[in-house]
Structure formats: structure tokens, C-alpha cells
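Student:
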Amino acid sequence: MQIETGVSLKSFNTFALPAVAHTLIRIEAPADVRRVVDHPEFGRAPKFILGGGSNIVLVRDVTACVLKIEIMGRRVLEQREDAIIVEAGAGESWHGLVAWTIEQGLPGLENLALIPGTVGAAPVQNIGAYGLELKDRFESLDAVDLVTGRTVTLDAQACRFGYRDSVFKQALAGKSVITRVRLRLPRPWQPMLGYVDLQRKMDETGIAEPDARQIFDWVCAVRRAKLPDPAVIGNAGSFFKNPVVTPEQCRDIIARDPHLVHYPMDDGNFKLAAGWLIDACGWKGKTVGGAGVYDRQALVLVNRGEARGAEVVTLARAIQESVYGRFGIRLEPEPVVVG
């Protein structure tokens with residue numbers, strides 16, 4: 001456990017927003033969390049859990065004790081007849097884990113390639129892309145309670161996964177630290193190719209039965225074409241959740257805007273493309289101070305140079321008001337505003 005004071009968080013958040021952590025503790029093992037809980041100064045102090053910083057907007061300096069999760073390691077834990085179970089430390093790069101499974105000949109996570117952030121953050125957000133969500137591959141996780149210091153193991157039911165949601169954003173928000181995550185890669189493997197972008201890749205290449213490596217490469221190529229690299233231009237990926245509406249709401253919007261991009265869901269409702277809604281309101285390329293809407297994907301807000309967190313929040317609220325005014329839809333941000 002390493003304790004640092006007055007740490008700049010600009011390089012620890014993918015938006016590259018300026019902020020300082022009054023106290024930052026590097027968590028390199030589950031035992032470090034228990035040491036924090038038992039610490040005479042930090043045990044009862046408010047805490048902020050920081051992974052890869054890809055899903056936060058820092059508005060001001062962080063006075064809570066920042067726990068920087070750096071628990072590493074990945075391994076094949078178990079090989080069953082119906083699945084392979086892999087385990088990774090919460091501090092591992094999520095994309096790094098996906099790439100590692102492909103290199104090991106372990107398919108199943110390829111649709112989730114190139115999603116920024118850490119393994120420990122993935123269950124919190126129930127990350128998803130191209131027809132797959134983390135919950136579809138989830139086995140269990142270990143977490144340490146920030147009050148008692150006890151380690152608990154949670155299965156999918158206990159995690160209460162929802163669309164970009166979990167118990168860690170609800171009842172357990174800020175109350176526990178995820179330390180290790182186990183994922184279930186099903187046997188036999190079946191490719192998931194239902195999304196338009198992947199169908200287009202199949203048509204372009206003439207590959208009708210791609211393997212996991214090919215799908216991984218396609219997903220990476222599509223994401224790189226649409227989304228800016230945080231190392232080049234600060235951003236937090238998709239800024240808003242795709243809203244879910246009833247069939248009646250969907251029909252009403254289509255009657256006014258026939259080109260609405262929408263997807264049917266298993267429960268009969270429809271998921272609307274938030275990026276399309278934002279673009280239809282004319283926001284692509286617009287700026288507020290140093291914050292802007294990415295000119296190639298309206299769903300992404302970016303730091304055009306010296307943006308501050310307050311400018312990002314102001315821009316996001318203006319977009320929300322605009323979309324609600326035109327479509328009657330309330331967009332919900334994905335990143336957590338800190339400060």
C-alpha cells in the first residue's frame with residue numbers, strides 16, 4: 001500500500017481534466033484494502049474508487065481518499081465441459097484482458113474489445129457492445145467491504161446487472177472495492193454477428209464465418225474509426241446511454257422523424273441510438289469552452305485542449321435539454337460526475 005498526497009489526476013482520467021487528489025492510496029492487493037479500512041486516519045474517511053478513469057468527469061479537486069486500484073494478474077482458473085473460467089485482477093486493462101484471451105485461443109469476449117477502463121470497473125458499468133454485455137460472460141467477483149474489511153464473493157444475481165448498471169452503482173456504491181473478476185467463456189463458442197457494423201465487415205471481406213480473432217479485429221477497426229483515442233484527444237467514450245422507450249413512444253418519434261435509428265429489445269421495448277438523437281439536434285462539432293462534441297460521433301464529448309470538468313457538464317446539460325425539447329427523451333450520462 002502506497003500513500004501519496006497532492007497527486008494530479010489529469011493523467012489518471014481519460015478526459016484529461018485537471019484535478020488534484022488530496023490523498024491517493026495505491027491498492028496493489030486485496031490486503032491493501034483491509035489495511036485502509038483498519039487505518040487510524042483513512043479508515044473512516046470518505047473514499048473514491050479509481051480504476052482506469054475512463055468513466056468519470058472531474059469537476060473539482062477530490063477531497064475524499066482516492067483508492068487507485070492496481071491489482072494485477074490474469075489466469076485460466078478452470079476448464080469445464082461447458083465453459084472456461086478466466087480470472088483477472090481488478091487493475092488489469094479490460095482490453096488487455098480481451099486481447100490476452102484471444103491470444104490464448106479462448107474466444108467469447110471479442111465483441112467487447114477496445115472498451116476503455118479496467119477489469120474491476122467492467123461489472124460496475126455492466127459494459128457492453130455489439131450485442132454482448134459483461135453479464136452475458138460473468139461468473140463471479142471478489143470485493144472487500146469498506147466498513148468491515150471482509151472479502152465477499154458475488155455471483156451475477158447478487159450484482160443485479162442492468163443496462164449500464166449494477167449493484168455497485170446503487171446499494172453498494174462507494175461501499176466496496178472489487179478486487180478480482182471471473183468470467184465464463186462458453187463452450188462451444190458461437191459468434192455474435194447481429195450488429196450492422198459486423199454484417200458490413202462480412203460483406204466487405206467476403207468472410208461469411210469469421211473466427212474470434214477476425215471479429216476482434218473488426219470490432220477494434222470499427223471502434224477506432226468512430227471513437228477518438230483518449231491518448232490523442234481526451235474523452236470518456238460514449239457519454240450518454242442509449243435510451244429505452246416503449247413501442248408507442250418509438251412509433252410517435254418515427255412518425256415525426258422516419259430516419260430514427262432504433263433497435264428492438266427482447267422485452268418488446270426499443271433502444272434508441274443516443275448519438276443519432278444528438279446529431280439530429282445539430283450538436284456534432286459544437287463546443288462549450290474547451291469541451292466539444294466529437295465531429296465524427298455525436299455520442300462522444302471531448303476535451304479540445306484545456307477543458308475543465310464544469311465545461312463538460314455544461315455542454316452535457318445543454319445537449320440533454322435540446323434532445324428533450326425535440327424528442328421528449330431524457331438522455332442519461334454514462335460517466336460519473338465527481339465533485
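Under UniProt numbering, think of the first position of the sequence shown as 1, with each following residue one higher. All C-beta atoms in this analysis are idealised placements derived from N, C-alpha and C, irrespective of residue type, glycine included. Quick caveat: nothing in here was measured; it's all calculated off a predicted structure.
1. In the DSSP assignment, find the alpha helix (DSSP H) that holds Cys281 and state where it starts and stops.
2. Mapping the DSSP letters down to three states, classify His262 as helix, strand or coil.
3. With Asp203 as the anchor, note down where its alpha helix (DSSP H) starts and where it stops.
4. Look up Phe15 in the DSSP assignment and say whether it is helix, strand or coil.
5. So what does DSSP say about His95, is it helix, strand or coil?
6. Reducing DSSP to helix, strand and coil, say where Gln79 ends up.
7. Am I right that Leu67 and Val177 are in contact with their C-beta atoms under 8 angstroms? What's the rounded C-beta distance?
8. Using 10 angstroms around the beta-carbon of Gln297, count the other beta-carbons present and answer buried if the total reaches 16, otherwise exposed.
9. Measure from the alpha carbon of Pro210 to the alpha carbon of each residue in Gly174, Gly117, Pro107, then state which is nearest.
10. Which residue from Ile233, His22, Asp267, Glu334 puts its Cα closest to that of Gly290?
11. So Gln2 is in the beta strand (DSSP E); what residue range does that whole segment cover?
12. What's the C-alpha gap between Arg224 and Arg75?
13. State the CB to CB distance for the pair Asn235 and Tyr294, rounded to an integer number of angstroms; the pair is presumed to be in contact (CB under 8 angstroms).
14. Check each candidate in Gly52, Gly120, Gly51, Glu332 and name the one with the smallest Cα separation from Ser238.
15. Within a Cβ cutoff of 6 angstroms, which residues of the same chain sit near Phe42, ignoring the five residues on either side of it in sequence?
16. Quick check on the DSSP output: what are the complete alpha helix (DSSP H) runs of length 4 or more inside the segment 80 to 157, in order along the chain?
17. For the beta strand (DSSP E) containing Gly237, list its first residue and its last residue.
18. Which residues in the same chain have their Cβ closer than 7 angstroms to the Cβ of Asn55, if we skip the five residues on either side of it in sequence?
19. Assuming Lys271 is part of the alpha helix (DSSP H), what are its boundary residues?
20. For Pro186, report the span of its beta strand (DSSP E) as first-last.
21. Around the C-beta of Ala307, are 16 or more other C-beta atoms found within 10 angstroms, so that it is buried, or is it exposed?
22. Can you find the residues in the same chain that come closer than 8 angstroms, C-beta to C-beta, to Gln104, ignoring five residues on each side of it along the sequence?
23. Is the CB-CB distance between Ser166 and Asp155 below 8 angstroms?
24. Give the secondary structure of Lys68 by DSSP, where H, G and I count as helix, E and B as strand, and everything else as coil.
25. In whole angstroms, give me the CA-to-CA distance for Ile319 and Trp283.
26. For Thr246, I'd like the list of residues in its chain whose CB is within less than 7 angstroms of its CB, leaving aside the five on either flank, ordered along the chain.
27. Note down, one range per segment and in chain order, each beta strand (DSSP E) of at least 3 residues found wholly within the segment 32 to 63.
Tutor: A quick look at the data gives this:
1. For the purposes of this step, residue 281 is taken as residue 281 along the sequence shown, with counting starting at 1. Taken as a continuous stretch (DSSP letters only), Cys281 belongs to no alpha helix (DSSP H), as it is neither H nor E.
2. Against the sequence shown, residue 262 aligns to sequence position 262. Residue state for His262 is assigned as strand, using DSSP reduced to three classes.
3. Translated into positions along the sequence shown, residue 203 becomes position 203. For Asp203, the enclosing alpha helix (DSSP H) starts and ends at 196 to 205.
4. As a first step, residue 15 must be located in the sequence shown, where it is residue number 15. In the structure shown, Phe15 sits in coil (DSSP, three-state: anything other than H, G, I, E or B).
5. Numbered from its first residue, the sequence shown carries residue 95 at position 95. His95 falls in the helix class under three-state DSSP.
6. Working through the sequence shown from its first residue, we reach residue 79 at position 79. Gln79 falls in the strand class under three-state DSSP.
7. Within the sequence shown, numbered from 1, the residue matching residue 67 stands at position 67. Within the sequence shown, numbered from 1, the residue matching residue 177 stands at position 177. Correct: roughly 6 angstroms between the Cβ atoms.
8. Here residue 297 refers to the residue found at position 297 of the sequence shown. Counting other Cβ atoms within 10 Å of its Cβ, Gln297 reaches 16 or more and is therefore classed as buried.
9. Stepping through the sequence shown from its first residue, residue 210 is reached at position 210. Out of Gly174, Gly117, Pro107, the CA that lies nearest to the CA of Pro210 is found in Pro107.
10. As a first step, residue 290 is located in the sequence shown; it is residue number 290 there, counting from the start. Gly290 has its Cα closest to that of Ile233, out of Ile233, His22, Asp267, Glu334.
11. If you number the sequence shown from 1, residue 2 lands on position 2. Here the beta strand (DSSP E) through Gln2 covers 2 to 8.
12. By one-based count along the sequence shown, residue 224 stands at place 224. By one-based count along the sequence shown, residue 75 stands at place 75. The alpha-carbon atoms of Arg224 and Arg75 are separated by roughly 28 angstroms.
13. In the sequence shown, residue 235 corresponds to position 235, counting from 1. In the sequence shown, residue 294 corresponds to position 294, counting from 1. That belief holds up - the Cβ atoms of Asn235 and Tyr294 are roughly 7 angstroms apart, short of 8 angstroms.
14. Residue numbering aside, residue 238 sits at position 238 when the sequence shown is read from its first letter. When C-alpha distances from Ser238 are compared across Gly52, Gly120, Gly51, Glu332, the shortest belongs to Glu332.
15. Along the sequence shown, one-based indexing puts residue 42 at 42. For Phe42, where only same-chain residues beyond five positions count, the Cβ hits under 6 angstroms are Val36, Cys65.
16. The qualifying runs are 94 to 103, 121 to 125.
17. Counting from 1 along the sequence shown, the entry for residue 237 is found at position 237. From DSSP, the beta strand (DSSP E) with Gly237 extends over 234 to 238.
18. If you number the sequence shown from 1, residue 55 lands on position 55. Cβ neighbours of Asn55 beyond the five flanking positions: Gly117, Ala121, Gln125, Ala236, Glu334, Pro335, Val336.
19. The count along the sequence shown starts at 1 and reaches residue 271 at position 271. From DSSP, Lys271 is part of no alpha helix (DSSP H) but of the beta strand (DSSP E) over 270 to 272.
20. Translated into positions along the sequence shown, residue 186 becomes position 186. Pro186 -> beta strand (DSSP E) spans 176 to 186.
21. Within the sequence shown, numbered from 1, the residue matching residue 307 stands at position 307. Counting Cβ neighbours within 10 Å, Ala307 comes out buried, since at least 16 surround it.
22. For the purposes of this step, residue 104 is taken as residue 104 along the sequence shown, with counting starting at 1. Apart from the 5 residues on each side of it in sequence, Gln104 sits with its Cβ closer than 8 angstroms to the Cβ of Val76 in its chain, given in chain order.
23. In the sequence shown, residue 166 corresponds to position 166, counting from 1. In the sequence shown, residue 155 corresponds to position 155, counting from 1. Contact annotation: Ser166 and Asp155 have beta-carbon atoms that are not nearer than 8 angstroms.
24. Counted from its first residue, the sequence shown places residue 68 at position 68. Residue state, collapsed to three classes: strand.
25. What you label residue 319 is simply residue 319 of the sequence shown in a count that begins at 1. What you label residue 283 is simply residue 283 of the sequence shown in a count that begins at 1. Each residue's alpha carbon lies about 7 angstroms from the other.
26. By 1-based counting over the sequence shown, the position of residue 246 is 246. For Thr246, same chain residues with a beta-carbon under 7 angstroms away, outside a window of 5 residues either side, are Asn269 in chain order.
27. As for any beta strand (DSSP E) of minimum length 3 sitting wholly inside the segment 32 to 63, the runs are 47 to 50, 56 to 58, ordered along the chain.
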